[in-house]
Every structure is written in structure tokens, then in C-alpha cells.
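Working notes, beginning with the structure itself.
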Amino acid sequence: MPTEDLLGYGARLFESERLRLRSTTEEDCELLHTWWLDPLVMVLQSPDAASLKDRDSIVSKFRDWSQVKDSGLGYSIALRETNQLIGHVALWGITPKDQCANFGILINREVWGQGYGTEAILLVLRYSFKELNLHRVQLEASAENTRAIRCYQKAGSAKRAADDKLISVTESGKTKS
Numbered sequence: 001m002p003t004e005d006l007l008g009y010g011a012r013l014f015e016s017e018r019l020r021l022r023s024t025t026e027e028d029c030e031l032l033h034t035w036w037l038d039p040l041v042m043v044l045q046s047p048d049a050a051s052l053k054d055r056d057s058i059v060s061k062f063r064d065w066s067q068v069k070d071s072g073l074g075y076s077i078a079l080r081e082t083n084q085l086i087g088h089v090a091l092w093g094i095t096p097k098d099q100c101a102n103f104g105i106l107i108n109r110e111v112w113g114q115g116y117g118t119e120a121i122l123l124v125l126r127y128s129f130k131e132l133n134l135h136r137v138q139l140e141a142s143a144e145n146t147r148a149i150r151c152y153q154k155a156g157s158a159k160r161a162a163d164d165k166l167i168s169v170t171e172s173g174k175t176k177s
């Protein structure tokens with residue numbers, strides 16, 4: 001395959017109609033930190049995530065989440081046309097043996113309700129299944145986080161009845177309960 005075709009293929013892995021996943025910059029970490037501390041965002045986070053409250057620990061966590069390593073990776077979510085940062089996605093706990101990973105996403109509250117979360121999730125799932133050969137990508141959300149639950153369900157997640165938590169159990173692109 002010619003180099004040009006390979007470069008185009010690589011770029012398309014991280015792009016959708018409106019979004020691009022890109023490396024996270026220091027400037028991104030600062031913005032992500034301010035969004036993280038938004039009270040409307042904080043109440044929707046998991047207890048572990050919500051425990052991060054000071055600037056240095058939050059910025060450090062986004063730097064860590066944004067490193068590409070064997071057990072995880074993370075990217076800033078940007079609008080394709082303007083490169084404007086609108087969020088962050090991360091996969092962690094990747095286990096090749098189990099072909100499984102955990103997933104997290106943060107979207108700037110100013111762009112909620114425009115379908116960017118669903119589009120970003122579908123982009124990450126496509127990469128996870130086709131390139132990383134994962135069979136399962138999972139996440140959890142509290143029952144109160146109805147906006148996120150609707151978004152996750154649009155992307156193929158299922159609700160676990162036992163504890164009313166949302167968990168995505170996706171095998172080869174097909175959702176199972």
C-alpha cells in the first residue's frame with residue numbers, strides 16, 4: 001500500500017463527520033481542568049473521579065490519561081473544522097487476554113445536547129474493535145446521569161438491572177446484556 005494511502009487511513013481512524021481525536025496539549029489540560037470542576041459536571045462523575053479537586057492533580061490525571069501505553073490511551077476531542085477542544089476520551093485497563101477495556105468521556109457542558117458525545121463514543125468504539133481487536137468496552141454511569149445514559153445507549157450500551165448501573169458490554173460490535 002502506498003505511503004499516502006497509509007497516512008490517509010491513519011488519519012481517518014481518528015476522525016468522524018464532525019470530530020477529530022488528537023493528542024492532548026498542555027492548553028487542553030488547563031481547559032479540561034476547568035470543565036472538570038464545573039459543579040454540573042462534578043455531580044455526574046464517579047466518586048473516584050470526583051475526588052480530584054485541585055488543579056495540579058486534575059491536570060496530572062489528564063496528562064496520564066492522554067499517554068498512549070499498553071494498558072490505555074486518551075485523546076482530546078476537537079471539532080474537525082476549527083480544531084476547537086470540546087472534550088476528552090480515554091480507554092484504560094486494556095487487557096489483551098480478555099480483549100476488554102474501560103472507557104471514560106468528558107464533554108464541555110457548553111456543547112451538550114449536540115450529539116458530540118455519541119459521535120465521539122462511536123469513533124472510540126470503531127477504533128477499539130477494528131484496530132485494538134477488543135471485544136468489550138465498558139463504562140459505568142450513575143442512574144442520575146440520564147443525559148450520559150441516553151448517549152451511551154445510542155452508542156449500543158445496555159443497562160444492568162441488578163444495580164441500575166449502565167454498563168456497555170460490546171462483543172464484536174454487537175451489544176449484549
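Last residue of the sequence shown? That's 177 in the working numbering, and every number before it is there in order. By construction, the Cβ of each residue, glycine as well, lies at the ideal position given by its N, Cα and C atoms.
Rounded Cβ spacing between Asp71 and Gly93 (contact assumed at less than 8 angstroms): Taking the sequence shown and counting its residues from 1, one reaches residue 71 at position 71. Taking the sequence shown and counting its residues from 1, one reaches residue 93 at position 93. It is Ser, not Asp, that sits at residue 71 in the sequence shown. Separation of the CB atoms of Ser71 and Gly93 is rounded to 6 angstroms, and the pair is thereby assigned contact status at 8 angstroms.
Close-in-space but distant-in-sequence residues of the same chain around Phe14 (CB under 8 angstroms, 5 per side omitted): Working through the sequence shown from its first residue, we reach residue 14 at position 14. Same-chain partners within the cutoff: Arg20, Leu21, Arg22, Tyr75, Leu123 and Tyr127.
Sequence-distant residues of its chain with Cβ nearer than 7 angstroms to Arg80 (five each side left out): Numbered from 1 along the sequence shown, position 80 holds the residue referred to as residue 80. Answer for Arg80: Glu15, Arg18, Leu19 and Arg20, listed in chain order.
Trp65 versus Gly113: straight-line alpha-carbon distance, rounded: For the purposes of this step, residue 65 is identified with residue 65 of the sequence shown, where counting begins at 1. For the purposes of this step, residue 113 is identified with residue 113 of the sequence shown, where counting begins at 1. In this structure, the straight-line span from the alpha carbon of Trp65 to that of Gly113 is close to 25 angstroms.
Backbone CA spacing between Ile86 and Asn108 [nearest angstrom]: Here residue 86 is taken as the residue at index 86 of the sequence shown, counted from 1. Here residue 108 is taken as the residue at index 108 of the sequence shown, counted from 1. Looking at the two C-alpha atoms, the distance is approximately 5 angstroms.
Close-in-space but distant-in-sequence residues of the same chain around Leu37 (CB under 8 angstroms, 5 per side omitted): As a working mapping, residue 37 is identified with position 37 in the sequence shown. Lys53 and Ile58, listed in sequence order.
Bridge partners - Lys69, DSSP secondary structure assignment: Numbered from its first residue, the sequence shown carries residue 69 at position 69. BP columns for Lys69 point to Gly72.
Extent of the continuous alpha helix (DSSP H) to which Gly104 belongs: Translated into the one-based positions of the sequence shown, residue 104 becomes position 104. It is not in any alpha helix (DSSP H) - Gly104 instead sits in the beta strand (DSSP E) that spans Cys100 to Ile107.
Bridge partners - Trp92, DSSP secondary structure assignment: Residue 92 sits at position 92 when you count from the first residue of the sequence shown. DSSP lists Gly72 and Asn102 as the bridge partner or partners of Trp92.
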